[in-house]
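Each residue of the sequence shown is one higher than the one before, starting from 133 at the first, in the numbering used here. Beta carbons are placed, not taken as given, at the ideal position from N, Cα and C, and that holds for glycine. To start, the structure itself, in structure tokens.
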Amino acid sequence: MTPAIDTPYPHLFAPLDLGFTTLRNRVLMGSMHTGLEDRARDFPRLAAYFAERAGGGVGLIVTGGFAPNLAGWLTPFGGKLSWPWETGPHRQLTRAVHEHGAKICLQLLHAGRYGYHPLQGAPSKLKAPINPFTPRALSARGVERQIDAFASAAARAREAGYDGVEVMGSEGYLINQFTAPRTNRRGDAWGGSAEKRMRFAVETVRRVREACGPDFILIYRLSLLDLVEDGNAWDEIVAQARAVEAAGATIINSGIGWHEARVPTIATSVPRAAFAGITARLKPEVALPLVAVNRINMPEVAEGILAAGQADLVSLARPLLADPEWPAKARAGRAHAINTCIACNQACLDHVFENRTASCLVNPRAVAETELNYLPTTAKKRIAVVGAGPAGLACATVAAQRGHAVVLFDAATEIGGQFNLAKRIPGKEEFHETLRYFGHRLAETGVELRLGTRAGPEQLACFDGIVLATGIVPRTVDFPGASHPMVVGYLDVLSGRARVADRVAVIGAGGIGFDVAEFLVHEGVSPSLDPVRWRAEWGVDIEGCGRGGLTPPRPEPPAREVWLLQRSPGRPGARLGKTTGWIHRATLKAKGVKMLGGVEYLGVDDAGLRIRLEGIEQVLPVGSVVVCAGQEPRRDLHAQLQAAGSTTPVHLIGGADVAAELDAKRAIDQGSRLAAAL
Ligand code: FAD
Ligand code: NAP
Ligand code: SF4
133 MTPAIDTPYP HLFAPLDLGF TTLRNRVLMG SMHTGLEDRA RDFPRLAAYF
183 AERAGGGVGL IVTGGFAPNL AGWLTPFGGK LSWPWETGPH RQLTRAVHEH
233 GAKICLQLLH AGRYGYHPLQ GAPSKLKAPI NPFTPRALSA RGVERQIDAF
283 ASAAARAREA GYDGVEVMGS EGYLINQFTA PRTNRRGDAW GGSAEKRMRF
333 AVETVRRVRE ACGPDFILIY RLSLLDLVED GNAWDEIVAQ ARAVEAAGAT
383 IINSGIGWHE ARVPTIATSV PRAAFAGITA RLKPEVALPL VAVNRINMPE
433 VAEGILAAGQ ADLVSLARPL LADPEWPAKA RAGRAHAINT CIACNQACLD
483 HVFENRTASC LVNPRAVAET ELNYLPTTAK KRIAVVGAGP AGLACATVAA
533 QRGHAVVLFD AATEIGGQFN LAKRIPGKEE FHETLRYFGH RLAETGVELR
583 LGTRAGPEQL ACFDGIVLAT GIVPRTVDFP GASHPMVVGY LDVLSGRARV
633 ADRVAVIGAG GIGFDVAEFL VHEGVSPSLD PVRWRAEWGV DIEGCGRGGL
683 TPPRPEPPAR EVWLLQRSPG RPGARLGKTT GWIHRATLKA KGVKMLGGVE
733 YLGVDDAGLR IRLEGIEQVL PVGSVVVCAG QEPRRDLHAQ LQAAGSTTPV
783 HLIGGADVAA ELDAKRAIDQ GSRLAAAL
């Protein structure tokens, strides 16, 4: 490697010579499904999305997954590349990327038993635990047909102008189903021994290479950690890597964890670069370039991996949704200006799982590049924004970027609103980054910041427009004993104003109730900041030889005994994020938290919290009761402005507008969209 000389990240920006072509740097944009891949009419939007990332300096882009044939569909009518007329629309994507000097590979993904439709086929007739459809076992001819489909789809990708393809061999999709004993029970030439199980993968790579010629990038995504029982053993993974190298792969990308794995792999509580060590372990075994993946969100993390020789490229997927300019900012030594992905999954993965177009919580323009633009204003106004929580910060910075004169008030002495509480939750340390970013944006866009100032009608008299982003007030409870000294609110607990006993009941099991419970059971440094402790808690073994990279989890003992309660019947946490709710439930379960639904609160007295559960009265012997019972909009200032007869146009955003089901995604989106229209 010849390190780049004009940047603080010399390894990250060193070109990568692949022999027949050169990547301009080591940043690979990992494959992400956006929801725009499935219909050709959405390709102009997809092209604009890719163009912005290519313009932001990424070296190589990998598209979302396209099936090589109908059987490989992830969902019915999903994007595929099996017929001649499906090639044309892709030229918009390849052209858009090439115009900005980046390269682009199409990902070929055959879902196998993860296909959400009845046409799916798999090595064996074994239903996936996350899919209601049972696959048919492919016949020997069927197996050949799938491999040929990969090869012809790759040839079509070349025709469409792609620089290469990524063959998806990990995450529990079809190829991975062939390689692992968990899902491959065949006794023919495609199953049984490790060599026969990997034959599908090797043959696919060989035929793709044959179909596309030597000067075409062929990335093979290899599952380095299956994180499921009966996954591959390490020596089998090494053998597979060597075999795909010999069969013609150009680059090996790392795959971490099947979709059905019960170990988090990309959530915010996963430490940064938690899995780089497994890519490093493969490094001495093969000669071709390796890509490190997952939770690499800042340039110093990426540079550290490359400088230590753990990998040759880094894959950033969600970080490029959050900030398309990530590579350009890093290269120029402006890491402080990066809008960092906080790994919340709320607007990207959760949307995809709900069949909605992906976007990004911290960047509502992501995948909305053709409709949400912050154009310079032609009518400059003086705007007051009250409240420097996520809604107010987004609104103030976008309005100022467009040329308005913006004053931002907050009664607190720091920006961030409730994000200052969120960042204290173990596993939510990334929330600091959003506040760092907004702090930078306020200065860059010239917003006048007035902290420690509770705005009233008199401060707001001289503006052309007022935006109230005053947030929420926590809801109080009204059962007997609600004013007992042991009853405290979550604001006081998280800000450290209230002391909490060793036995605690948390009232309310929404997002905040879960976060507060996690806060209460942890003590000391968060495991999310310590990959070794984190891997021990979740039972991930990156050094051993056990199948699937699993070892028995060793959760640290809880700091307190906690009950997490809700009145609604059913399992607490059912309304948490689609892709992260299970992680919160599993974390609390491992810490012995008792999660109860269908609880009736009878009252609090010196003995504890009296409840009725399934018709039986009982006392929870707790010394603290923490109320996390939701929120109401904070509109005191709105009322004062109305009473003062103010005629200035007033806009309500974030929690001040609607507190029910408020989250930062809505707050930032609403603030940004309002500012785009002011
Ligand atoms: P707020 O963040 O409440 O900000 C309102 C601001 O207005 C405050 O700073 C306040 O001081 C100021 N203010 C009020 N009145 C005045 C006045 N008269 N003058 C001056 N200033 C005033 N959301 C997610 O999406 N994902 C999460 O993972 C997540 N985790 C969370 C964890 C915790 C522990 C908490 C508490 C919240 C979490 N949230 C999360 C929710 C998220 O923080 C809120 O949805 C978001 O902060 C709401 O933004 P907002 O701007 O509307 O209001
Ligand atoms: P919430 O999700 O609305 O949950 C409020 C909880 O309080 C519910 O469990 C509710 O359940 C209970 N409750 C409501 N009224 C009550 C009353 N009068 N007495 C007793 N219990 C009552 O609100 P939240 O937990 O405060 O979270 C606020 C927002 O922040 C949420 O919308 C969430 O999206 C966001 N957030 C998100 C995350 C995340 O990880 N994505 C994390 C934290 C916060 P019952 O009515 O069944 O008792
Ligand atoms: Fe990252 Fe959250 Fe944005 Fe997804 S929604 S890209 S996880 S910040």
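- Shortest Cα-Cα distance from P522 to any of E546, L504 and A500 involves E546.
- The Cβ atoms of G409 and R607 do not sit closer than 8 Å to each other.
- In this structure E184 touches P456 by the C-beta definition: roughly 4 Å separates them, less than 8 Å.
- For C527, the number of other beta carbons within 10 angstroms of its own is at least 16, and it is reported as buried.
- Restricting attention to A807, L708, A614 and F541, the CA atom closest to the CA of D737 is found in A614.
- The DSSP-derived three-state label of D367 is helix.
- With a 10 Å radius around the Cβ and a threshold of 16 neighbouring Cβ atoms, I748 comes out exposed.
- Short of 7 Å from the beta carbon of G709, and not among the five residues preceding or following it, lie these beta carbons of its own chain, in chain order: N477, Q478 and D482.
- Taken in chain order, the unbroken stretches of alpha helix (DSSP H) that lie wholly in the region 334-383 and span 4 residues or more are 366-379.
- The C-alpha of R717 lies about 33 Å from the C-alpha of Q239.
- Of all C-beta pairs linking the region 647-665 to the region 711-726, three or more are shorter than 8 Å, placing the two stretches in contact.
- Taking 8 Å as the cut-off, the Cβ atoms of G740 and L752 count as close.
- Remark: the shortest separation between the CB of G645 and any heavy atom of ligand 2 falls under 7 Å.
- For W695, DSSP records a beta bridge to A637 and K726.
- Distances taken from the Cβ of G640 to the heavy atoms of ligand 2 include one shorter than 7 Å.
- Remark: the shortest separation between the CB of V494 and any heavy atom of ligand 3 falls under 7 Å.
- In the structure shown, R744 falls within a strand segment according to DSSP collapsed to helix, strand and coil.
- The region 411-483 contains, as complete beta strand (DSSP E) runs of 3+ residues, the segments 422-424 and 445-448 (chain order).
- Relative to ligand 3, the beta carbon of R427 is positioned no closer than 7 Å to any heavy atom.
- Judged by DSSP in its simplified three-state form, N385 adopts strand.
- Under the three-state reduction of DSSP, I644 is assigned to helix.
- Look at Y569 here: in three-state DSSP terms it is helix.
- Between the region 345-357 and the region 297-307 there are three or more inter-stretch CB-CB distances shorter than 8 Å, so the stretches are counted as touching.
- Here the distance from the Cβ of G755 to the nearest heavy atom of ligand 1 is not below 7 Å.
- Under DSSP, E298 takes part in a beta bridge, and its partners are Q239 and I351.
- Cβ-Cβ distances below 6 Å link E291 to T219 in the same chain, with the five nearest sequence neighbours on each side left out; the list follows chain order.
- For the 8 Å CB-CB criterion, A146 and V190 do not form a contact.
- In the DSSP annotation of this structure, the continuous segment of the alpha helix (DSSP H) that includes S284 starts and ends at A272 to E291.
- Only residues of its own chain outside the window of five on either side were considered, and among them K513 and R514 have a CB closer than 6 Å to the CB of D596, listed in chain order.
- A distance below 8 Å between beta-carbons, with the five flanking residues on each side excluded, links A287 to the following residues of its chain, in chain order: A343 and C344.
- By the Cβ neighbour-count rule, N426 is buried, with 16 or more other Cβ atoms within 10 Å of its own.
- Judged by their CB atoms, A630 and L696 are not nearer to each other than the 8 Å cut-off.
- With the rule of 3 Cβ pairs closer than 8 Å, the region 458-477 does not count as touching the region 437-446.
- By the Cβ criterion, the region 313-320 is in contact with the region 358-366, since at least three pairs of Cβ atoms, one from each stretch, lie closer than 8 Å.
- With respect to R805, A788 sits apart: the two C-beta atoms are not nearer than 8 Å.
- For A434, the Cβ stays outside the 7 Å cut-off from all heavy atoms of ligand 3.
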